[in-house]
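S.K.: The opening position of the sequence shown corresponds to residue 4 in the working numbering, with each subsequent residue numbered one higher.
C-beta: ideal position from N, C-alpha, C; glycine also.
None of these values were measured; they are calculated from a predicted model.
Okay, handing you the structure first.
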Amino acid sequence: MDYEIIDCIDAGTEFCPCHLSETGDCILCSQLQGKDFCDCTNWKGVCIYQESVWKGDLPKAERKDFLCKIYKKHYINENVIAFTILVKHKLAQELSHPGSFIFLRNPETNKFFDVPISIMDSDTEENRLKIIIELKGIKTKMLNKLNENDNIVVRGPFWNGALGLKNIYSSFDKVSLLIARGIGIAPMIPIMKRLYSKGNKIIAIIDETDFSIDYFKNYFELCNAKIIKAKLLNNGKLSTELKNLIDEYKNEIDLVYCAGPDILISNILEFIPKDIKTACCNNAKMCCGEGICGTCSVRYKGHVVKKLCKVQIDPKYIFDGRRLI
Ligand code: FES
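Here is the structure:
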């Protein structure tokens with residue numbers, strides 16, 4: 004039987020129970036949703052209800068702001084910068100998982116300027132984070148005012164930057180097809196490293212758009228990836244080139260991961276055979292990352308609302324029954 008399994012990325016972590024438990028909105032715990040029975044389906048080794056009772060029905064503290072130093076700044080092109088940031092060892096370790104991200108801001112600004120950025124690489128020996136930022140609006144342009152040795156405010160760790168994590172974690176010794184467009188290459192790197200470390204062969208189809216793959220070359224070499232450069236979209240539809248490539252590999256691949264705009268993800272989900280596992284980047288707009296502000300809320304039929312900063316779902320359910328207007 005095929006049914007949707009909802010999970011919460013923070014369940015069982017040091018940040019659980021969160022503020023959602025205070026108002027009867029916990030994503031997983033039926034008792035913290037106001038029901039008087041337990042139907043816990045996603046046991047994480049910790050009873051969320053018991054944690055809440057022990058805490059006196061109060062939530063655990065939210066993520067903190069850390070003042071960190073910019074170790075390196077590099078322009079990939081005039082609109083894309085790469086920062087290497089020195090952080091505490093604990094934070095580097097917590098951000099070494101696929102789907103990790105942080106909120107960043109210029110210390111001269113306030114919390115309204117927090118911008119979510121995916122971790123491209125977390126070096127747990129040197130305690131450095133590598134991130135790529137596309138300079139698009141006021142938040143990222145304020146970050147661009149910072150230079151090497153300046154301080155930067157980092158809030159984290161957050162982990163829901165990829166959807167379908169279960170599919171990634173359950174892939175061993177198979178073939179994975181990774182599809183990325185433009186800046187989507189950055190969040191793809193930790194996923195590629197994880198898959199490769201578990202014996203999966205990597206085939207990467209990359210649409211460079213306006214920045215070159217050269218900056219990421221070492222990571223692809225490290226994972227022995229077969230790189231195919233291709234245009235992915237044509238007038239909002241999958242390009243014939245991409246369709247032919249998927250057809251060529253569909254009998255050998257176990258997992259397809261896509262890092263690109265929602266239109267690309269949704270077209271790929273429709274095109275690939277249904278028995279292939281999928282994962283993708285989480286494109287929801289985020290502001291607090293703590294399930295409070297509602298920026299990341301997506302509405303579905305039946306008055307269902309999913310807060311995508313916390314809800315971890317299989318990509319096949321992202322667009323299913325979604326209300327667009
Ligand atoms: S980002 Fe604020 S609720 Fe999800």
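Does DSSP put residue 49 in a helix, in a strand, or in coil?
M.R.: Coil, per DSSP.
S.K.: Is there at least one non-hydrogen atom of ligand 1 closer than 7 Å to the beta-carbon of residue 284?
M.R.: Not so, every heavy atom of ligand 1 lies at least 7 Å from the Cβ.
S.K.: In chain order, what residues have a CB nearer than 7 Å to some heavy atom of ligand 1?
M.R.: That gives 289, 290, 291, 292, 293, 294, 295, 296, 297, 298, 299, 300, 310, 311, 312, 313.
S.K.: How many Å lie between residue 301 and residue 287 at the Cα?
M.R.: Computed Cα separation, rounded: 8 Å.
S.K.: Buried or exposed, going by whether 16 or more other CB atoms sit within 10 Å of the CB of residue 281?
M.R.: Classification of residue 281: buried, given that the 10 Å Cβ count is 16 or more.
S.K.: For residue 76, which residues in the same chain have their Cβ closer than 7 Å to its Cβ, ignoring the five residues on either side in sequence?
M.R.: 84, 86, 150, 151, listed in sequence order.
S.K.: Three or more C-beta pairs closer than 8 Å, one from the region 105-124 and one from the region 190-205: is that the case here?
M.R.: Yes: the two stretches touch, three or more of their Cβ pairs being nearer than 8 Å.
S.K.: Distance, Cα to Cα, residue 49 vs residue 155?
M.R.: If I take the Cα positions, the gap works out to 34 Å.
S.K.: According to DSSP, what are the bridge partners of residue 282?
M.R.: According to DSSP, residue 282 bridges with 260.
S.K.: In terms of residues, what are the limits of the beta strand (DSSP E) holding residue 200?
M.R.: Note, residue 200: premise wrong, no beta strand (DSSP E); alpha helix (DSSP H) at 188-200.
S.K.: In the DSSP output, which residue or residues are listed as bridge partners for residue 90?
M.R.: Residue 90 pairs with nothing; no bridge assigned.
S.K.: Residues in the same chain with beta-carbon distance under 6 Å from residue 304, minus the five sequence neighbours each way, listed in chain order, please.
M.R.: Contacts found: 324.
S.K.: Using only alpha-carbon positions, find the residue among 294, 212, 318, 70 that is nearest to residue 329.
M.R.: There is no way to answer for residue 329, as the model of the chain reaches only from 4 to 328.
S.K.: With a Cβ-Cβ cutoff of 8 Å, do residue 314 and residue 9 count as a contact?
M.R.: Yes, Cβ-Cβ distance for residue 314 and residue 9 is below 8 Å.
S.K.: Kindly indicate which residue of 292, 219, 240 has the alpha-carbon position closest to the one of residue 228.
M.R.: Nearest C-alpha to residue 228: 219.
S.K.: Where DSSP assigns a beta bridge to residue 106, which residues make up the other side?
M.R.: Residue 106 is bridged to 119, 158.
S.K.: Label residue 119 either buried or exposed according to how many other C-beta atoms from any shown protein chain fall within 10 Å of its C-beta, with 16 as the threshold for buried.
M.R.: Buried, by the Cβ-count rule.
S.K.: Take every Cβ of the region 94-113, pair it with every Cβ of the region 132-147, and state whether three or more of those distances are shorter than 8 Å.
M.R.: Contact holds: three or more Cβ-Cβ distances are below 8 Å.
S.K.: Buried or exposed, going by whether 16 or more other CB atoms sit within 10 Å of the CB of residue 46?
M.R.: When all chains shown are included, residue 46 counts as exposed.
S.K.: Beta strand (DSSP E) containing residue 222: first to last residue?
M.R.: No beta strand (DSSP E) holds residue 222; the alpha helix (DSSP H) holding it covers 220-225.
S.K.: Which same chain residues end up closer than 7 Å to residue 29 when comparing Cβ atoms and leaving out the 5 residues on each side of it in sequence?
M.R.: Here the set comprises 20, 23, 35, 36, 51.
S.K.: On the criterion of 16 or more Cβ atoms from any shown chain inside 10 Å, does residue 90 qualify as buried, or is it exposed?
M.R.: Counting Cβ neighbours within 10 Å, residue 90 comes out buried, since at least 16 surround it.
S.K.: Does the Cβ of residue 78 have 16 or more other Cβ atoms within 10 Å, making it buried, or fewer, making it exposed?
M.R.: Exposed, because fewer than 16 other Cβ atoms sit within 10 Å of the Cβ of residue 78.
S.K.: Less than 8 Å between the beta carbons of residue 143 and residue 136, yes or no?
M.R.: The answer is yes: Cβ separation under 8 Å.
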